[in-house]
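Chemist:
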Amino acid sequence: MKRGLQTIVIGCAALFLPLSGCGDPGEIPFSVLGYGGGEGPGSNAERGSVLITEVGWAGSLDDAGNYHPEDVFIELQNKGFRPVNMSRWEILLTGARERTWLIPESDREVFPNEYIVIASTQTRAFPDADFLLPDFTIPKSHWEITIRDKDRRLIEPVGNIDGPPFAGGYDLVTVRSMERSQVIFGNFGTLQRNWHYFTENVGRGKIAEGFRKFTLGSPGEANSRDYSGSSSSGNFE
Numbered sequence: 000m001k002r003g004l005q006t007i008v009i010g011c012a013a014l015f016l017p018l019s020g021c022g023d024p025g026e027i028p029f030s031v032l033g034y035g036g037g038e039g040p041g042s043n044a045e046r047g048s049v050l051i052t053e054v055g056w057a058g059s060l061d062d063a064g065n066y067h068p069e070d071v072f073i074e075l076q077n078k079g080f081r082p083v084n085m086s087r088w089e090i091l092l093t094g095a096r097e098r099t100w101l102i103p104e105s106d107r108e109v110f111p112n113e114y115i116v117i118a119s120t121q122t123r124a125f126p127d128a129d130f131l132l133p134d135f136t137i138p139k140s141h142w143e144i145t146i147r148d149k150d151r152r153l154i155e156p157v158g159n160i161d162g163p164p165f166a167g168g169y170d171l172v173t174v175r176s177m178e179r180s181q182v183i184f185g186n187f188g189t190l191q192r193n194w195h196y197f198t199e200n201v202g203r204g205k206i207a208e209g210f211r212k213f214t215l216g217s218p219g220e221a222n223s224r225d226y227s228g229s230s231s232s233g234n235f236e
């Protein structure tokens, strides 16, 4: 029995001896840990690590009552654990209209929990948008927006390709955005229960002065409270 134990000990030592001779490889460069093999650190992400958290598909309405249907935006939030550079990410519109846009090249890194806003223009309600796509458009019905990273890996789709948007709209008096609900499980962007109307009576501070009275949304900020009563909504607090 004693000889058997000695054999086991010698065998284990032989197994681990080559590993001990390798030395400490040191800290692994951050870029080596990137996803998808895109150029530059943080140019790609995993599915679900970035969410579309607000869609201003209905346009804007200035305080004088002038409606601007082309003044649209989407808001993205980094829900992952590392900064992400979204340069050259794809925004795909499908449904009533088919179109693909690329987020412009930039050295901007979006940190965990940070928001960015992508808008069609910076001359009206959304002057603080982080990225501008001059021909960006969203139909009034039957659309789905999908984001893909630099390597064209699917990040997430949102919207209702089979009918009207899940929330938001223009009622001739106000324009309200469509906001993502805080959902613990099953927070898929293509389910109606995971969206609600912007619920406050005045537009948030990142909406331009002269638009906040009737253009109601929270681009670049935390969403308004969800009073929809969805059974899947909530948080861990």
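Quick note on numbering that gives the first Met the number 0: the sequence shown kicks off at 0 and runs consecutively.
For each residue, glycine too, the CB sits at the ideal point set by N, CA and C.
Between which two residues does the beta strand (DSSP E) holding residue 98 run?
Modeler: Element bounds for residue 98: 98-101.
Chemist: Exposed or buried, which one is residue 63 when buried takes at least 16 other CB atoms within 10 Å?
Modeler: Burial call: exposed.
Chemist: In chain order, what residues of the same chain have a beta carbon less than 7 Å from the beta carbon of residue 209, not counting five sequence neighbours either side?
Modeler: Counting only Cβ-Cβ distances below 7 Å, and skipping sequence neighbours, we find 61, 62.
Chemist: Just the Cα atoms here: how many angstroms apart are residue 252 and residue 56?
Modeler: There is no way to answer for residue 252, as the model of the chain reaches only from 0 to 236.
Chemist: Tell me the rounded alpha-carbon separation between residue 119 and residue 84.
Modeler: Approximately 20 Å between the Cα atoms of the pair.
Chemist: In its own chain, which residues sit with a C-beta less than 6 Å from the C-beta of residue 222, not counting the 5 before and 5 after it?
Modeler: Excluding residues within five positions, the ones whose Cβ falls inside 6 Å are 178.
Chemist: Where does residue 98 land, buried or exposed, given buried means 16+ other C-beta within 10 angstroms?
Modeler: Residue 98 is exposed by the Cβ-count criterion.
Chemist: Please classify residue 122 as buried or exposed, where buried requires at least 16 neighbouring CB atoms within 10 angstroms.
Modeler: So residue 122 counts as exposed.
Chemist: Is residue 25 helix, strand or coil when you go by DSSP?
Modeler: Confidence at residue 25 is low in this model, with a pLDDT of 43, below 50, so the placement of that residue should be treated as unreliable; the coordinate-derived value is given next. Three-state result, residue 25: coil.
Chemist: Along the beta strand (DSSP E) that carries residue 76, what are the first and last residues, could you check?
Modeler: Taken as a continuous stretch (DSSP letters only), the beta strand (DSSP E) holding residue 76 covers 72-77.
Chemist: For the region 160-218, which segments carrying the beta strand (DSSP E) assignment without a break, of at least 3 residues, lie completely within its bounds, in sequence order?
Modeler: Here the runs fully enclosed are 177-179, 194-196.
Chemist: Can you find a heavy atom of the ligand ATP that lies under 7 Å from the Cβ of residue 168?
Modeler: Summarising the ligand content, the structure contains no ligands, and the ligand ATP is consequently not present.
Chemist: Use the C-beta contact count for residue 187: other C-beta atoms within 10 angstroms, 16 or more gives buried, fewer gives exposed.
Modeler: It is exposed - the Cβ of residue 187 has fewer than 16 other Cβ atoms within 10 Å.
Chemist: What do you get for residue 176, buried or exposed, if any count of 16 or more other CB atoms within 10 angstroms of its CB means buried?
Modeler: Under this definition residue 176 is a buried residue.
Chemist: Let's see if you can read the secondary structure: which residues bound the beta strand (DSSP E) around residue 147?
Modeler: Run containing residue 147: 142-147, per the beta strand (DSSP E) assignment.
Chemist: CA-CA distance, residue 199 and residue 101?
Modeler: Roughly 32 Å separates the two Cα atoms.
Chemist: Is it right to say residue 51 is buried, meaning 16 or more other beta carbons lie within 10 angstroms of its own, or is it exposed?
Modeler: Buried, because 16 or more other Cβ atoms sit within 10 Å of the Cβ of residue 51.
Chemist: Using the three-state DSSP reduction, which class does residue 137 fall into: helix, strand or coil?
Modeler: Of the three classes helix, strand and coil, the one that applies to residue 137 here is coil, per DSSP.
Chemist: Taking just the CA atoms, how far does residue 45 sit from residue 124?
Modeler: Between residue 124 and residue 45, the C-alpha separation is close to 32 Å.
Chemist: Is the region 68-87 touching the region 106-115, taking contact as three or more C-beta pairs under 8 Å?
Modeler: Contact holds: three or more Cβ-Cβ distances are below 8 Å.
Chemist: Check residue 226 in the structure and name its three-state DSSP category.
Modeler: Residue state, collapsed to three classes: coil.
Chemist: Alpha carbon to alpha carbon, how far is residue 172 from residue 74? Give it in angstroms, no decimals.
Modeler: Each residue's Cα considered, the two are about 23 Å apart.
Chemist: Rounding to the nearest angstrom, what Cα-Cα distance links residue 214 and residue 53 in this structure?
Modeler: C-alpha separation (whole angstroms): 14 Å.
Chemist: Just curious, the beta strand (DSSP E) that residue 55 is in, first and last residue?
Modeler: Note, residue 55: beta strand (DSSP E), 49-55.
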